[in-house]
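Chains Z and D, in that order, are what the protein sequence lines are.
Sequential numbering of the first sequence, starting at 0, is according to numbering that gives the first Met the number 0.
Sequential numbering of the second sequence, starting at 0, is according to numbering that gives the first Met the number 0.
Number of protein chains: 2
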Amino acid sequence: MWEKHYWEITIRRIKYSIPFFDGDDFHPQENIDKMASGQALNDDDRHDWLVALNDLAKEQLKNNSCAIVCSALKQNYRVLLSKGIEKQTEWIHLFGSFETIYNRINARKDHFMSSEMLKSQFDTLEEPDNAIAIDVKLLPKEIIEKIKSELMEISEFGLVGLGVMGKSLCRNLANNGFKISMFNRHVEGVEENVAVGFKNEHQELSSALPFDNLQEFVNSIQKPRKIMLMVNAGKTVDIVIDDLLPHLSEGDILIDGGNSNYNKTKERFDYLKTKNIHFIGTGVSGGEEGALKGPSIMPSGDREAYKKVQPFLETIAAKDENSLPCCTYIGPEGSGHFVKMVHNGIEYAEMQLLAEIFSILSATGKNPDEIADVLESWKNEADSYLLDITIKILRKKEDNDWLVNKILDKAGNKGTGNWATIATAQLGAPSTLIASALFARYTSFYKDDRVEANKNFRTENDLNLDFSSNDLLNTYQFARIINHYQGFNLIDQASSFYKWDLNLSEIARIWTSGCIIKSCLMVELVEVLKTTNSILSNEKVIKQIKKIKPSSGKVVSQCILNEIPITCLSESLNFFNSYKTANSSANLIQAQRDYFGAHTYQRIDDDSDTFYHTNW
Amino acid sequence: MWEKHYWEITIRRIKYSIPFFDGDDFHPQENIDKMASGQALNDDDRHDWLVALNDLAKEQLKNNSCAIVCSALKQNYRVLLSKGIEKQTEWIHLFGSFETIYNRINARKDHFMSSEMLKSQFDTLEEPDNAIAIDVKLLPKEIIEKIKSELMEISEFGLVGLGVMGKSLCRNLANNGFKISMFNRHVEGVEENVAVGFKNEHQELSSALPFDNLQEFVNSIQKPRKIMLMVNAGKTVDIVIDDLLPHLSEGDILIDGGNSNYNKTKERFDYLKTKNIHFIGTGVSGGEEGALKGPSIMPSGDREAYKKVQPFLETIAAKDENSLPCCTYIGPEGSGHFVKMVHNGIEYAEMQLLAEIFSILSATGKNPDEIADVLESWKNEADSYLLDITIKILRKKEDNDWLVNKILDKAGNKGTGNWATIATAQLGAPSTLIASALFARYTSFYKDDRVEANKNFRTENDLNLDFSSNDLLNTYQFARIINHYQGFNLIDQASSFYKWDLNLSEIARIWTSGCIIKSCLMVELVEVLKTTNSILSNEKVIKQIKKIKPSSGKVVSQCILNEIPITCLSESLNFFNSYKTANSSANLIQAQRDYFGAHTYQRIDDDSDTFYHTNW
């Protein structure tokens, strides 16, 4: 009843593809017959119908939401209609005089409603006090505007924390047509009116709602609320969660998009579960630009909760070469943050490898522009986001010198490379290139010691380097394959250990676009990882390694003789040489352990899992 | 009063050098005058005197214990005497008839006690009900025996957990004349009567008390109890602590001698503090043999509590070249376990270096005996416990083959190498050789993958190795210096970070004997670390490195060309080359981080700590 066509339009325009239902369509035949015979329905007639609509609403809420129009005249009807979903229900009451409505009904041809029946409905009506009330006398267009302006004060998605990444994600969401609320804390004299200022800077944020009051922010978001936190990883996340909690409703969903530790994400997930709040920890990679134009997104938590945020995350994510979103449900608990941590670990090693190539080419006397030329020539075979920005960086000049030459050589780190190294140690999965890259950054921090050591250990040997640019490219590519093997192996080990059941190929796929480690190699690995979890057992990879490895031996040995530090390139070879050694010298270590600590050992001539001890 | 000379002898023989005091020596002059004039002292006269004796006892308890003889006739005197130290006080009551004592006093020449006075004392006496009661009619010798047999049921030191290390420590303590109680849990059919059986196996344990009932074990130890736990690190420690707690008294001292994680030790320290129990976490190195003959011991916790266990630990510890114990108070909290963890990390790397030398020499076609010959020839320059046992291991034959050839090449690990690597990552102190050694063990565990990779990547190149045994020795020694530099640097960083104020030279000193990493090099480092915390800035070390480093470049580069895995030897060079690079390529990494994440960077032409961001 009422003006359902307008309703439908209104709902369709305000919300994003939520289904629309006419409650009358759910009446049992007996009720329809009764009404057709001019009799008013009584409460008994209505009961099953109201329950059916309540079931319908609950079913729809599992996906997203829906709009239902129906006569909900009495308070106890409304209690039945919203049973179990009270907090997620929004009421809209179209009110009008008896005459107006009677005239409108009489103007229809396909509807049966006697004056008698309408009167009985008016007598029955108990006006709701918690509804958006709208006069039906208004023109349909005006009704739409009115409902829009009322409902539009309610956002679909909230974001807390307007730092570099938070701002980019807000603009990305708004550019994709989402109605968002944005919150940034108020810090006297430091962070004031950040959200308002940010909104005013960008055209696409014209319908976004800015807040620095947390309660108002939360109230502006429709239930179940989807609120993404883009705040500093660590204690801040817990503080923000505790600040939010009193204002949230059961079933709301918090999404942590920072680089949180995966163990912490599990803890927060468990904590919020006790409050009936869903928690999704998600990696977001792509830096400022990726976050704006389409990042790679790695969410984990409850799959059902993920479905509710899926339309937002998959819409704003980068798209792969098949136009599929670079966002996929990773797995339970903190698996999304684990995967993001390994992503960053791989990134650490990829950056360190480029820095070592830079060292080698610098040692041959090339200036940054000439080095950029070499890297440019590698694009056919080794294209990647990091190679690309390295070329741009090397070409960047300031006055008459290259900017890179003026940057202090102390490399910072913010946790994820550190955690990836710790995970490697804890899980027994040797991602040695990630560790080497981390330690190289640490060593770079010993600037004063390095300067002193440089004086103490100075040698005046002539450089003697004899290899081609292609040898160097092969060396670089070889190390990258080892790095990717180790990274995916670390994820694989975690997946087994924590029983996460992760899909490595799908993870590679969402890393083919939007993120910092996107590359041609990653595109190839999507296919490789469909048939094996170990890159090094793939035939194509084996063939490529056999081809390029000799270059690596040549380059690494020469760098060692010429004292050029190449910790990651060198480790890639040493790891590989260990990995392809069928019978290693670890037997001696087992003997030593048994000698001094009676730790026992196994024998090659006994595969029964028996442990032996020798009185040496 | 009473028979103080016998007392003194008795106490001296039972306990170990605890001071003896005659309470009469502490009477104020007024009291002495009053007694001399034949007047009995009243309670007012005695009050200050009793308080003085109580003060004396408390003062003495700070060190160890003491014996005081005095008239403690009334219950309220005894309350005063033991005020605040009730649980640490043991009462011995020498009782006798009026005649016996009166006659004895009259036989003396230098004591004033009228019959009147003695009678007043007998009238005053309220017999104690919690004292060891001994009849003075017995002969002095019998009194001694009686007290001995009563007191000797009380051990000085308890030890929980009779595994390999626990058993050796018990025998070590007993060999040094300590009266100990030994406990091992009872597990039906698996661990039954372990303590009794162990006692019966060894002559030196004849006076040790064996238990498998925890309460009886605890009650057999004198207060404040010193109980050392030699159980598996991890949850077991907490379980044993919780089992012990109900039976302990305030002021008792628990010593965890296992390889516990230093963070856990801090937690347990804090937890037990709330129960007024002292907790000392201590590293014990030396394996089975060291524990028996003298280990290196690394205790930490409250310095005052340490003083009470010091006589035990320092007595059983190994002795350095100056006969000083290889045991020293390390520092607060879990610093002892941290230092032990780094000890084990250094040990991991030292073992891996020997394994790599073994790989290289094996590749040249030498058999284990021939390799042992080479290592034997290095003893002048590179002697160490690990070198020594490696030679013995390599010479060990079984039937007609060397035993080492029959040992499966999967190297185990039990936590400390793992934790040392994690600490390195967390503290930003790159102990890269420890990490490499840990990862080499992990890689060794991929036996199946290695065998498969060996087939997939087999190459048929002739070996081409051209260096001398001396080159190899230099390479080994170079890597060892780097390993020790990194290990002590890690301790130094932890010391600063946790404000532990550790003494690196003293730590090196207690590692010169008893422990697994004792070596000539360690003896040299005791001196080096007296003047610097950074080994690599010592002139002698600089000179040595300059001499031996060229060999390392030669050996490592050839091994790389010949595909011999030498991850630790190679890393020692790469780390060093990075460490002595004044201007590294970390500037490129900073530029990359700023490019994609706006992480900012510092400039070499601005030392004001300003951070810059470029719009690349």
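Quick reminder that beta carbons are idealized off the backbone N, C-alpha and C, glycines included.
If you're wondering where the values come from, they're calculated on a predicted model, not measured in any experiment.
{"Query": "Whether threonine 511 of chain D touches aspartate 319 of chain D by CB criterion (8 Å)", "Result": "yes"}
{"Query": "Cα-Cα separation between leucine 524 of chain D and aspartate 461 of chain D, rounded to whole angstroms", "Result": "41 Å"}
{"Query": "Exposed unless 16 or more other CB atoms sit within 10 angstroms - verdict on leucine 360 of chain Z", "Result": "buried"}
{"Query": "Nearest residue (CA-CA) to asparagine 621 of chain Z, options Z:Phe20, Z:Thr599, Z:Asn41", "Result": "Residue 621 of chain Z lies beyond the range of chain Z shown here (0 to 615); nothing can be said about it."}
{"Query": "Beta-carbon neighbours of serine 569 of chain D, restricted to chain Z and to distances below 7 Å", "Result": "Ser569, Asn573"}
{"Query": "Terminal residues of the alpha helix (DSSP H) in which phenylalanine 456 of chain D lies", "Result": "Element bounds for phenylalanine 456 of chain D: n/a, residue is neither H nor E."}
{"Query": "Endpoints, alpha helix (DSSP H) assigned at isoleucine 100 of chain D", "Result": "97-106"}
{"Query": "Burial state of alanine 452 of chain D, where buried means 16 or more other Cβ atoms lie within 10 Å", "Result": "buried"}
{"Query": "Reduced DSSP category for alanine 619 of chain D - H, G, I as helix; E, B as strand; rest coil", "Result": "Because chain D here runs from 0 to 615, residue 619 of chain D falls outside it and cannot be looked at."}
{"Query": "Cutoff 8 Å: tryptophan 615 of chain Z Cβ touching any chain D Cβ", "Result": "yes"}
{"Query": "Inter-stretch contact (C-beta, 8 Å, three-pair minimum) for the region 428-440 of chain D and the region 339-358 of chain D", "Result": "yes"}
{"Query": "Span of the alpha helix (DSSP H), counted from its first residue to its last, around glycine 416 of chain D", "Result": "415-426"}
{"Query": "Beta-carbon spacing of arginine 394 of chain D, asparagine 412 of chain D below 8 Å", "Result": "no"}
{"Query": "Cβ-Cβ distance between serine 154 of chain D and glutamine 221 of chain D below 8 Å", "Result": "yes"}
{"Query": "Element boundaries [alpha helix (DSSP H), containing glutamine 21 of chain Z]", "Result": "The amino acid at residue 21 of chain Z is misidentified as glutamine; the sequence shows aspartate. Where aspartate 21 of chain Z is concerned, there is no enclosing alpha helix (DSSP H), although the beta strand (DSSP E) it sits in stretches over 19-21."}
{"Query": "Buried or exposed (CB count within 10 angstroms, at least 16 for buried), threonine 327 of chain D", "Result": "buried"}
{"Query": "Residues within the region 445-462 of chain Z neighbouring chain D, beta-carbon criterion of under 9 Å", "Result": "Tyr445, Lys446, Asp448, Arg449, Val450, Glu451, Ala452, Asn453, Lys454, Asn455, Phe456, Arg457, Thr458"}
{"Query": "Proximity test, Cβ basis, 8 Å: leucine 560 of chain D and chain Z", "Result": "yes"}
{"Query": "Residues near leucine 204 of chain Z in its chain [Cβ-Cβ closer than 6 Å; skip 5 each side]", "Result": "Ala173, Lys198"}
{"Query": "Short CB-CB distance (under 8 Å) between glutamate 287 of chain Z and chain D", "Result": "yes"}
{"Query": "One or two residues paired with methionine 350 of chain Z in a DSSP bridge", "Result": "Bridge partners of methionine 350 of chain Z: none, in fact."}
{"Query": "Beta-carbon proximity check, alanine 56 of chain D vs isoleucine 67 of chain D, cutoff 8 Å", "Result": "yes"}
{"Query": "Residue-level contact to chain Z via CB, arginine 170 of chain D, 8 Å cutoff", "Result": "no"}
{"Query": "Short CB-CB distance (under 8 Å) between lysine 545 of chain D and chain Z", "Result": "yes"}
{"Query": "Segment limits, beta strand (DSSP E) that includes aspartate 42 of chain D", "Result": "That residue, aspartate 42 of chain D, is in no beta strand (DSSP E); its alpha helix (DSSP H) goes 42-60."}
{"Query": "Interfacial residues, the region 582-605 of chain D to chain Z, with Cβ spacing under 7 Å", "Result": "Asn582, Ser583, Ser584, Ala585, Asn586, Leu587, Ile588, Gln589, Ala590, Gln591, Arg592, Tyr594, Phe595, Gly596, Ala597, His598, Tyr600, Gln601, Arg602, Ile603, Asp604"}
{"Query": "Continuous beta strand (DSSP E) stretch holding methionine 297 of chain Z: start and end", "Result": "295-299"}
{"Query": "Segment contact, 8 Å Cβ cut-off, at least three pairs: the region 182-195 of chain Z with the region 209-216 of chain Z", "Result": "yes"}
{"Query": "8 Å Cβ cutoff met for isoleucine 392 of chain Z and leucine 587 of chain D", "Result": "yes"}
{"Query": "Whole beta strand (DSSP E) elements within the region 153-196 of chain Z, 3-residue minimum", "Result": "156-159, 179-182"}
{"Query": "For glycine 188 of chain D and leucine 158 of chain D, the rounded distance between their alpha carbons", "Result": "22 Å"}
{"Query": "Extent of the continuous beta strand (DSSP E) run through histidine 92 of chain D", "Result": "90-94"}
{"Query": "Proximal residues to threonine 88 of chain D (C-beta, below 7 Å), its chain only, five neighbours per side dropped", "Result": "Ser81"}
{"Query": "For glycine 330 of chain Z, three-class secondary structure by DSSP", "Result": "strand"}
{"Query": "Proximal residues, the region 337-367 of chain Z versus chain D, C-beta separation under 8 Å", "Result": "Met350, Gln351, Leu353, Ala354, Glu355, Phe357, Ser358, Ser361"}
{"Query": "Within chain Z, the residues that valine 159 of chain D reaches when beta carbons sit closer than 7 Å", "Result": "The premise fails here: valine 159 of chain D is roughly 20 Å from chain Z at the closest Cβ pair, so nothing lies under 7 Å."}
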